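Letter by letter, the sequence shown follows residues 22 to 331 in my numbering.
Built from N, CA and C at the ideal position, the CB exists for glycine as well.
On a predicted model such as this, the values are computed, not experimentally measured, just so you know.
Okay, so here's the structure we're looking at.
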Amino acid sequence: MKKYRNLILLIVFLLLVGLFFLLRRNEPKETILKIIPVDSLAIAKIQVYNAADTVIVYKKDNTWRMSYPDEAAANLDMIEYFFREVFTATYANTAMNEHAKSLHQYGLDKDKEVQLKLFDANDKLLTHCRFGNTNNPYDYFRYGNSRKIYQVRSQMISGRLRPEVTSWRSPLVLSLKPYEMSGITVSHAKNSYVLTRDKSDWYYMDKKEQFMIPHGNVTMGKILNVLERLDAYQYSKPTEIDKKSLKVAAEVDINLTDKGKHKLMFYQQGEGNYYLVLDGDESRYYHMVFDQVYRFQRHAMVFNIQEMPY
Numbered sequence: 022m023k024k025y026r027n028l029i030l031l032i033v034f035l036l037l038v039g040l041f042f043l044l045r046r047n048e049p050k051e052t053i054l055k056i057i058p059v060d061s062l063a064i065a066k067i068q069v070y071n072a073a074d075t076v077i078v079y080k081k082d083n084t085w086r087m088s089y090p091d092e093a094a095a096n097l098d099m100i101e102y103f104f105r106e107v108f109t110a111t112y113a114n115t116a117m118n119e120h121a122k123s124l125h126q127y128g129l130d131k132d133k134e135v136q137l138k139l140f141d142a143n144d145k146l147l148t149h150c151r152f153g154n155t156n157n158p159y160d161y162f163r164y165g166n167s168r169k170i171y172q173v174r175s176q177m178i179s180g181r182l183r184p185e186v187t188s189w190r191s192p193l194v195l196s197l198k199p200y201e202m203s204g205i206t207v208s209h210a211k212n213s214y215v216l217t218r219d220k221s222d223w224y225y226m227d228k229k230e231q232f233m234i235p236h237g238n239v240t241m242g243k244i245l246n247v248l249e250r251l252d253a254y255q256y257s258k259p260t261e262i263d264k265k266s267l268k269v270a271a272e273v274d275i276n277l278t279d280k281g282k283h284k285l286m287f288y289q290q291g292e293g294n295y296y297l298v299l300d301g302d303e304s305r306y307y308h309m310v311f312d313q314v315y316r317f318q319r320h321a322m323v324f325n326i327q328e329m330p331y
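This is how it looks when you write it as C-alpha cells:
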C-alpha cells in the first residue's frame with residue numbers, strides 16, 4: 022500500500038512540474054520596443070510643448086534651426102541629447118494602466134505632462150508622445166490619445182525635454198577664429214586702440230604706443246577666446262529696454278580677412294546690466310556679463326606683458 026501511495030505522489034509531482042513548465046512556456050513574453058519607432062533621418066521637425074510653452078525646431082539643409090518662439094539657430098547640445106537619449110529610449114509593451122482616470126497617478130495631467138510631436142519633411146506627423154513623472158526615477162508615457170500607459174525604461178527624460186527656449190536656442194552669438202580676422206578696433210570711455218594681425222603675430226597701437234603683443238599674452242588671448250565663442254543665453258526686445266538709460270561701454274569693429282566686417286556695440290545700464298547689439302540689429306539686445314565687456318576695456322600696458330612659462 023505504501024508503495025502505491027508513493028507512486029501516486031510521484032505521478033502527481035511530475036504532473037505538477039509538467040504543468041508548471043507548460044504554463045511558463047505559454048506565458049506571454051514581455052517585448053522591449055522603441056518609444057519612437059521611426060527612422061531618425063525622417064525626422065525634419067521637433068515640437069515640444071506643455072500647458073504653458075511651445076518650442077519648435079526644424080532641419081534645413083542638415084542644419085537645425087528654431088522657428089518658434091524665435092527664428093534662430095538651434096542649440097546643438099539639445100539636438101544631440103534628443104537623438105542620443107530620447108530617440109533611443111525604450112519601453113516594455115506591457116501597459117501599466119489603461120484607464121483615463123489614472124492619468125494623474127502617472128503625472129500625465131494636461132497641466133503637467135510634456136508632449137512631443139515629430140514630423141517629416143512634408144509636415145506629416147510621425148509620432149505623438151506624452152511624458153509624465155511623479156518624482157520617480159523613470160517616466161511614464163502614452164501615445165496621442167491612447168489610454169494605455171507605459172513606463173520608460175531609461176532614466177527620466179521629461180525633466181530635460183521641456184519647451185524652454187533658452188535650452189533649445191543656440192547661445193552662440195558670434196564665432197570667429199583668429200585667422201578669420203585681420204584687425205580689431207576698440208573704443209571705450211578711457212581709451213581707443215587697434216589690434217592688427219600679421220600671420221600669427223598681433224600688434225597693438227593707440228595714440229601713444231605701438232608694439233607687437235608678446236606671444237601668450239593673457240589679455241590678447243582672452244579677447245580672441247571671447248570672439249571665438251561669444252555666448253548669450255537671453256536677449257531683450259527694444260521695447261523691453263529703456264534706451265535712454267544706456268551708455269556705451271565699448272565699441273568693437275572687426276575687419277575680416279575676406280573683407281567682411283562685424284560691429285559689436287556693448288551697452289551698460291545702471292551698475293550691473295550689460296547688453297550687446299550685433300551688426301546694428303537692434304531687434305535683439307543680447308544679455309552680457311561684465312567679463313565679456315571688460316576684456317575689451319583694457320589699457321596698453323596689459324597687452325605688453327610677457328607671460329612667464331610655468
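Query raised in the report: If you draw a straight line from the alpha carbon of A65 to that of W189, how long is it in whole angstroms?
Result: If you number the sequence shown from 1, residue 65 lands on position 44. If you number the sequence shown from 1, residue 189 lands on position 168. For A65 and W189, the distance between alpha carbons rounds to 15 Å.
Query raised in the report: E328 to G242, Cα distance in whole Å?
Result: Mapped onto the sequence shown, residue 328 falls at position 307. Mapped onto the sequence shown, residue 242 falls at position 221. Taking the straight line joining both Cα atoms gives about 11 Å.
Query raised in the report: What is the DSSP secondary structure of T3, counted as helix, strand or coil?
Result: This structure leaves residue 3 out entirely; the chain is present only between 22 and 331.
Query raised in the report: Taking the alpha carbon of I170 as the point to measure from, which residue in I67, Q176, G153 has its own alpha carbon closest?
Result: The count along the sequence shown starts at 1 and reaches residue 170 at position 149. Of I67, Q176, G153, the residue nearest in Cα terms is G153.
Query - According to DSSP, residues forming a beta bridge with K55 - result: Counting from one through the sequence shown, the residue named residue 55 turns up at place 34. Looking at the DSSP assignment, K55 forms a beta bridge with T111.
Report task. Starting from the C-beta of L193, find all residues in its chain whose C-beta is less than 8 Å away, skip the five residues before and the five after it, and write them out in chain order. Result -> By 1-based counting over the sequence shown, the position of residue 193 is 172. Within the same chain, L193 has close Cβ partners A94, R250, L251, D252.
Query raised in the report: For the 8 Å Cβ check, are there 3 or more pairs between the segment 78-97 and the segment 194-208?
Result: Because the criterion of three Cβ pairs below 8 Å is not met, the segment 78-97 and the segment 194-208 do not touch.
Requested in this report: Could you give the DSSP three-state label for Y79: helix, strand or coil?
Outcome: For the purposes of this step, residue 79 is identified with residue 58 of the sequence shown, where counting begins at 1. Y79 sits in a strand when the DSSP states are folded into three classes.
Report task. Please report how far the alpha carbon of F104 lies from the alpha carbon of V69, in whole angstroms. Result -> As a working note, residue 104 is residue 83 in the sequence shown. As a working note, residue 69 is residue 48 in the sequence shown. For F104 and V69, the distance between alpha carbons rounds to 14 Å.
**Report entry** chain B contact for S175 (CB, 8 Å cutoff)
**Finding:** Absence of chain B from the displayed structure is noted, only one protein chain being present.
Query raised in the report: Quick one, are the C-beta atoms of T206 and D274 less than 8 Å apart?
Result: One-based indexing of the sequence shown puts residue 206 at position 185. One-based indexing of the sequence shown puts residue 274 at position 253. A contact, by the Cβ cut-off of 8 Å.
Report task. Let me know if A63 comes out buried or exposed under the rule of 16 or more other beta-carbons within 10 Å of its beta-carbon. Result -> One-based indexing of the sequence shown puts residue 63 at position 42. The residue is exposed, with fewer than 16 neighbouring Cβ atoms inside 10 Å.
Query - Assigned exposure category for P10 - 16 Cβ within 10 Å defines buried - result: Beyond the ends of the chain as shown, which are 22 and 331, falls residue 10; an answer cannot be given.
Query raised in the report: Per the contact definition of three or more C-beta pairs closer than 8 Å, is the segment 105-124 in contact with the segment 159-168?
Result: yes
Requested in this report: Might you give, ordered along the chain, the residues of its own chain that have their beta carbon closer than 6 Å to the beta carbon of L245, omitting 5 neighbours on each side?
Outcome: As a first step, residue 245 must be located in the sequence shown, where it is residue number 224. The answer, listed in chain order, is P199.
Report task. Per DSSP, which residues does K211 bridge with? Please list them. Result -> For the purposes of this step, residue 211 is taken as the residue at position 190 of the sequence shown. Among the bridge pairs identified by DSSP, K211 is matched with none.
Requested in this report: For S257, collect the residues of the same chain with a Cβ closer than 6 Å to its Cβ; drop the 5 residues on either side in sequence, then sort them by chain order.
Outcome: Taking the first residue of the sequence shown as 1, we reach residue 257 at position 236. Result list for S257: Y306, in chain order.
Query raised in the report: From which residue to which residue does the beta strand (DSSP E) around D91 run?
Result: Counting from one through the sequence shown, the residue named residue 91 turns up at place 70. Unbroken run through D91: none, as it is neither H nor E.
Report task. Starting from the N-terminal side, write out each stretch of the beta strand (DSSP E) that is 3 residues or longer and does not extend beyond the segment 186-237. Result -> Runs of the beta strand (DSSP E) spanning 3 or more residues and lying entirely within the segment 186-237 occur at 193-195, 202-209, 212-219, 222-226, 231-233, in chain order.
Query raised in the report: Among the residues of its own chain, which have a CB less than 6 Å from the CB of H209, if the five just before and after it don't count?
Result: Numbered from its first residue, the sequence shown carries residue 209 at position 188. So the qualifying residues of the chain are A271, Q318.
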